[in-house]
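What follows is a set of notes on a single structure, which appears directly below.
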Amino acid sequence: MLIRECSGGVVFRGDEVFLLKNEKNEWVLPKGAIRSNELSVDAALRRVRAETGLKSLNVLSTAGETSYEFYSVTRQRPVYNKITWYLMSTDDVEFNISSEDGFLSGGFYPIDKALELITYSQDRALVNVSYYKYKSLNKVTA
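Residue numbers (numbering that gives the first Met the number 0): 0 to 141.
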């Protein structure tokens with residue numbers, strides 16, 4: 000089994016969160032593998048920027064960890080992804096979904112709508128918890 004360390008971002012703008020729709024029609028969060036000698040937070044920022052086109056990102060805190068396994072047809076073996084998530088915010092209005100990374104669409108969605116769209120339950124739970132953390136951090140900084 001291939002074990003991959005990954006990181007990603009739960010990106011909020013006001014009361015909306017950024018979601019991506021992949022080639023399997025799954026609604027997911029931006030994430031990717033951590034490169035050799037790369038910090039987890041730097042990998043999260045790199046992947047969020049690459050997949051969403053968002054430029055101005057603020058890392059507020061860690062958001063949690065998730066993991067999952069799948070069988071990679073291209074690698075011909077099982078893969079275990081362990082993902083460290085970061086709570087991020089942006090004021091960016093413009094974004095550019097990366098079709099090169101296999102994404103069909105995406106954007107900012109109100110929290111209630113996002114929770115309906117998100118394909119995987121652990122991602123829904125992550126967004127739900129992250130939203131409350133984001134709101135409490137905003138009260139402290141406001």
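Even glycine gets a Cβ: it sits at the ideal position worked out from N, Cα and C.
In the DSSP assignment, Thr51 falls within the unbroken alpha helix (DSSP H) covering 39-51.
As computed with DSSP, Ile2 is found in a beta bridge with Tyr79. Leaving aside the five residues that flank Ile82 on each side, the residues in its chain whose CB is nearer than 7 angstroms to its CB run, in chain order, Cys5, Ser6, Gly7, Lys30, Glu64, Thr65, Ser66. Cα atoms of Ala124 and Glu115: separation of roughly 12 angstroms, rounded to the nearest angstrom. Under DSSP, Val126 takes part in no beta bridge, so it has no partner.
A residue is called buried when at least 16 other Cβ atoms come within 10 angstroms of its Cβ; Met87 meets this threshold and is buried. The Cβ atoms of Leu19 and Val27 sit closer than 7 angstroms to each other. Annotated three-state conformation of Tyr133 is helix, per DSSP. The residue among Ser39, Asn80, Ala42, Ser60 with its C-alpha nearest the C-alpha of Phe69 is Asn80. Between Tyr108 and Val16 the beta-carbon gap is near 6 angstroms, inside 8 angstroms, which marks them as a contact. Sequence-distant Cβ neighbours of Tyr130 in its own chain, meaning closer than 6 angstroms and more than five residues away, are Ile110. If you check the CB distance, Leu56 and Leu38 do not come in under 7 angstroms.
Cβ neighbours of Leu1 within its own chain (closer than 8 angstroms, five residues either side excluded): Ser71, Arg74, Arg76, Pro77, Val78, Tyr79.
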